[in-house]
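Enquirer: Handing you this structure, nothing more for now.
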Amino acid sequence: MPLHTVAVPVTLGILYGIWAPFIQRHGSPLNALQITLGVVSGLAVAVLVFVLMRLPKTMTPELRALAFGVVAGVSVGFLHSLTYASVLRSSGIGLTVGAASAIATFYYFHTREP
Numbered sequence: 221m222p223l224h225t226v227a228v229p230v231t232l233g234i235l236y237g238i239w240a241p242f243i244q245r246h247g248s249p250l251n252a253l254q255i256t257l258g259v260v261s262g263l264a265v266a267v268l269v270f271v272l273m274r275l276p277k278t279m280t281p282e283l284r285a286l287a288f289g290v291v292a293g294v295s296v297g298f299l300h301s302l303t304y305a306s307v308l309r310s311s312g313i314g315l316t317v318g319a320a321s322a323i324a325t326f327y328y329f330h331t332r333e334p
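For reference, each letter of the sequence shown is one residue, going 221 to 334 in this note's numbering.
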């Protein structure tokens with residue numbers, strides 16, 4: 221197993237797990253619920269990215285790109301929802317990021333992989 225298939229998910233999970241509770245804090249002291257939020261959300265992102273990176277290359281590039289877009293969009297939409305923004309705004313930002321990620325990964329899969 222190549223190193224990047226483990227290092228990238230772990231790094232993203234740690235960064236996401238640190239970022240989520242600091243958004244939720246809103247200037248107040250860190251508490252146990254925010255630490256739990258960071259650990260659970262960081263673990264979820266790390267597992268999802270690990271699974272995505274291990275997807276077989278026999279899958280169509282369209283489905284793989286869609287999966288990457290969904291994970292990116294949901295992750296960013298959730299982080300934005302922690303700022304107490306409206307559900308509509310968080311969904312719009314998540315959809316935008318998800319669509320952009322799906323397009324970028326679709327391009328990558330079609331130009332870099334045989």
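C-beta atoms are modelled at their ideal positions from N, C-alpha and C, and glycine is treated no differently.
1) Can you name, in chain order, every residue of its own chain whose Cβ lies under 7 Å from the Cβ of ALA324, other than the five neighbours on each side?
2) Restricting to Cα atoms, I'd like to know which of ALA240, GLU333 and PRO222 is closest to THR278.
3) Keeping to the same chain, check which residues put their C-beta closer than 7 Å to that of LEU232; ignore five residues upstream and five downstream.
4) Less than 8 Å between the CB atoms is what I'm expecting for ARG284 and THR225, so what's the real figure, rounded?
5) Out of VAL228, PHE329 and GLY258, state which residue places its alpha-carbon closest to the alpha-carbon of THR280.
6) Cα separation between LEU299 and THR331?
7) Between the Cα of THR316 and the Cα atoms of VAL271, VAL290 and PRO222, which residue gives the shortest distance?
8) Run through the segment 268-334 for me and flag every whole alpha helix (DSSP H) of 4 or more residues, listed as ranges in chain order.
9) Could you have a look at SER248 and say whether DSSP puts it in helix, strand or coil?
10) For my contact list, LEU235 and GLN244 are in at a C-beta cut-off of 8 Å; report their separation, rounded to the angstrom.
Expert: Quick look at the numbers:
1) As a working note, residue 324 is residue 104 in the sequence shown. Short of 7 Å from the beta carbon of ALA324, and not among the five residues preceding or following it, lies no beta carbon of its own chain.
2) Your numbering for residue 278 matches position 58 in the sequence shown. It is GLU333 whose Cα lies nearest to the Cα of THR278.
3) For the purposes of this step, residue 232 is taken as residue 12 along the sequence shown, with counting starting at 1. Annotation for LEU232: VAL265, ALA266 and VAL269 place their beta carbon closer than 7 Å to its own, counting only its chain and skipping 5 residues before and after.
4) The sequence position of residue 284 within the sequence shown is 64, counting from 1. The sequence position of residue 225 within the sequence shown is 5, counting from 1. Contact between ARG284 and THR225 fails: their C-beta atoms lie close to 14 Å from each other, not under 8 Å.
5) Looking up residue 280 in the sequence shown gives position 60. Comparing Cα positions, the closest option is PHE329.
6) Stepping through the sequence shown from its first residue, residue 299 is reached at position 79. Stepping through the sequence shown from its first residue, residue 331 is reached at position 111. Distance between the alpha carbons of LEU299 and THR331 is about 31 Å.
7) For the purposes of this step, residue 316 is identified with residue 96 of the sequence shown, where counting begins at 1. Minimum Cα distance to THR316 is reached at VAL290.
8) Along the length of the segment 268-334, whole alpha helix (DSSP H) runs at least 4 residues long occupy 281-301 and 307-332, reported in chain order.
9) Along the sequence shown, one-based indexing puts residue 248 at 28. Taken through DSSP and simplified to helix, strand or coil, SER248 comes out as coil.
10) The residue given as residue 235 occupies position 15 in the sequence shown. The residue given as residue 244 occupies position 24 in the sequence shown. Actually they are not in contact, since the Cβ atoms of LEU235 and GLN244 sit about 15 Å apart, beyond 8 Å.
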